[in-house]
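A.B. asks: Under full-length UniProt numbering, the residue at position 206 of the sequence shown is numbered 206, and the numbers go up by one with no gaps. Note that CB positions come from ideal geometry on N, CA and C, so glycine has one too.
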Amino acid sequence: MKQLICQEPKKLVYQQVEEPVVKAGQVKIKIHAIGICGTDIHAWGGNQPFFQYPRVLGHEISGTICEVASDVTQWKVGQRVAVMPYVACYECGACKSGKTNCCEKISVIGVHEDGGFCEYLNVPENNVLAIADTVSDIDGALIEPFSISAHAVRRAQVKSQDTVLVVGAGPIGLGVAAIAKADGANVLVADTSAARRQHVEKVLGVTTCDPADEMYLSVIEENFQGQLAEKVIDATGNPHAMNSAVNLIRHGGIVVFVGLFKGNLSFSDPDFHKKETTMMGSRNATLEDFNKVAKLMSEGKLTSEMMLTHQFDFNTIGERYEKDVINNRELIKGVILF
Numbered sequence: 001m002k003q004l005i006c007q008e009p010k011k012l013v014y015q016q017v018e019e020p021v022v023k024a025g026q027v028k029i030k031i032h033a034i035g036i037c038g039t040d041i042h043a044w045g046g047n048q049p050f051f052q053y054p055r056v057l058g059h060e061i062s063g064t065i066c067e068v069a070s071d072v073t074q075w076k077v078g079q080r081v082a083v084m085p086y087v088a089c090y091e092c093g094a095c096k097s098g099k100t101n102c103c104e105k106i107s108v109i110g111v112h113e114d115g116g117f118c119e120y121l122n123v124p125e126n127n128v129l130a131i132a133d134t135v136s137d138i139d140g141a142l143i144e145p146f147s148i149s150a151h152a153v154r155r156a157q158v159k160s161q162d163t164v165l166v167v168g169a170g171p172i173g174l175g176v177a178a179i180a181k182a183d184g185a186n187v188l189v190a191d192t193s194a195a196r197r198q199h200v201e202k203v204l205g206v207t208t209c210d211p212a213d214e215m216y217l218s219v220i221e222e223n224f225q226g227q228l229a230e231k232v233i234d235a236t237g238n239p240h241a242m243n244s245a246v247n248l249i250r251h252g253g254i255v256v257f258v259g260l261f262k263g264n265l266s267f268s269d270p271d272f273h274k275k276e277t278t279m280m281g282s283r284n285a286t287l288e289d290f291n292k293v294a295k296l297m298s299e300g301k302l303t304s305e306m307m308l309t310h311q312f313d314f315n316t317i318g319e320r321y322e323k324d325v326i327n328n329r330e331l332i333k334g335v336i337l338f
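1. Please state if the CB of H59 and the CB of residue 351 are separated by a distance shorter than 9 angstroms.
2. Over the uninterrupted beta strand (DSSP E) stretch that includes I249, give me the two end residues.
3. Would DSSP call K333 helix, strand or coil?
4. From which residue to which residue does the alpha helix (DSSP H) around V153 run?
5. Enumerate, from N- to C-terminal direction, the unbroken beta strand (DSSP E) stretches of 3 or more residues contained entirely within the stretch 29-99.
6. Beta-carbon within less than 8 angstroms of Y120's beta-carbon, same chain only, minus the 5 sequence neighbours each way: which residues are those?
7. Using DSSP with H/G/I as helix, E/B as strand and the rest coil, what is T207?
8. Please state whether DSSP places Q198 in a helix, a strand or coil.
9. Smallest Cα separation from K11: which of C37, F51 and R55?
10. Buried or exposed: R80, going by 16 or more other Cβ atoms within 10 Å of its Cβ?
11. According to DSSP, which residues form a beta bridge with I5?
12. Give the secondary structure of T286 by DSSP, where H, G and I count as helix, E and B as strand, and everything else as coil.
13. Beta-carbon within less than 7 angstroms of C6's beta-carbon, same chain only, minus the 5 sequence neighbours each way: which residues are those?
14. Can V256 and I220 be called in contact, C-beta distance under 9 angstroms?
15. Assuming K231 is part of the beta strand (DSSP E), what are its boundary residues?
16. Taking Cβ to Cβ, would you say G98 is nearer than 9 angstroms to T286?
17. By how many angstroms is the C-alpha of G281 removed from the C-alpha of S107?
18. Given that a residue counts as buried once 16 or more other Cβ atoms are within 10 Å of its Cβ, and exposed if not, what is M215?
19. One question on the structure: do A141 and D71 come within less than 9 angstroms of each other, judged by their Cβ atoms?
20. Tell me the DSSP bridge mates of D313?
In structure tokens, the structure reads:
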């Protein structure tokens with residue numbers, strides 16, 4: 001089969017390798033579509049922590065099961081599936097409490113082990129999710145990033161009529177806004193990019209604002225009946241934005257960081273305490289989040305168009321990756337098709 005491997009930073013190479021042999025507890029997937037994540041971009045640039053080369057990238061995967069191990073009974077050849085790329089140990093304290101998303105020994109397909117920039121991939125039977133016939137291959141590939149967003153929304157305990165400020169209109173922020181809106185929340189999206197704000201308003205029908213505006217806090221209050229947000233979900237990974245998050249919530253509010261950066265958070269402890277702030281991180285997603293996204297997609301409430309801006313051909317993207325992905329300022333979300 002054909003495989004696109006990141007041999008070292010800034011070097012992607014096609015190679016021919018044998019198709020993987022299915023082992024006990026695995027299914028083999030013929031890949032149809034795979035999303036390009038920020039992780040894939042950082043890995044190409046040599047900026048991904050806890051990463052080793054060479055590595056086959058890619059963890060936002062959809063395809064069709066083409067082979068199952070003899071001991072697998074819950075899946076059949078021909079089923080269309082998406083991949084849940086977080087391979088958990090199911091033995092640590094986090095796993096036993098249901099938090100497989102932050103397993104102490106987690107292995108993420110496409111990060112800690114080879115991923116889906118290839119034609120066929122073996123996946124543990126617990127790491128695939130059936131997708132409806134009404135869900136396209138592209139939609140199926142984007143179930144994973146949408147699930148990251150869904151987990152953040154769940155962490156923020158978003159419910160109908162809540163006021164939710166989403167900071168950052170990258171793919172995860174777009175997903176957060178779309179899912180919070182589907183949950184009935186009053187959503188406002190903040191991003192410094194005029195093009196991304198325009199995308200949000202056009203595709204999601206959600207109001208936006210510019211955090212660089214000197215009237216930023218007043219704009220938030222104008223959108224939320226004279227108050228700051230009940231919930232702030234930050235998807236920027238930007239230290240300035242994250243350090244300012246406490247300033248954006250009303251008293252008793254919740255801050256969830258789904259974006260991250262390599263460094264320390266720093267904020268005013270008096271402001272944190274006087275608001276009795278609830279602050280938490282959000283990492284990966286669980287089966288509950290994947291099921292929610294799959295359901296919303298089958299109902300047409302989530303679609304790839306909400307974040308997708310570019311489509312690429314697997315047979316040529318290797319030579320064009322730097323130009324079409326790394327240096328493409330118009331790219332919000334890209335998907336590779338096979």
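C.D. replies: Result, derived from the coordinates:
1. The requested residue 351 is not part of the displayed model; the chain covers only 1 to 338.
2. I249 to F257
3. coil
4. I143 to R155
5. 60-68 and 80-83
6. M1, E19, P20, K28, I29, K30, I31 and C66
7. strand
8. helix
9. R55
10. buried
11. V13
12. coil
13. L12, A43, W44, Y53, P54, R55 and L57
14. no
15. A229 to D234
16. yes
17. 19 angstroms
18. exposed
19. no
20. L337
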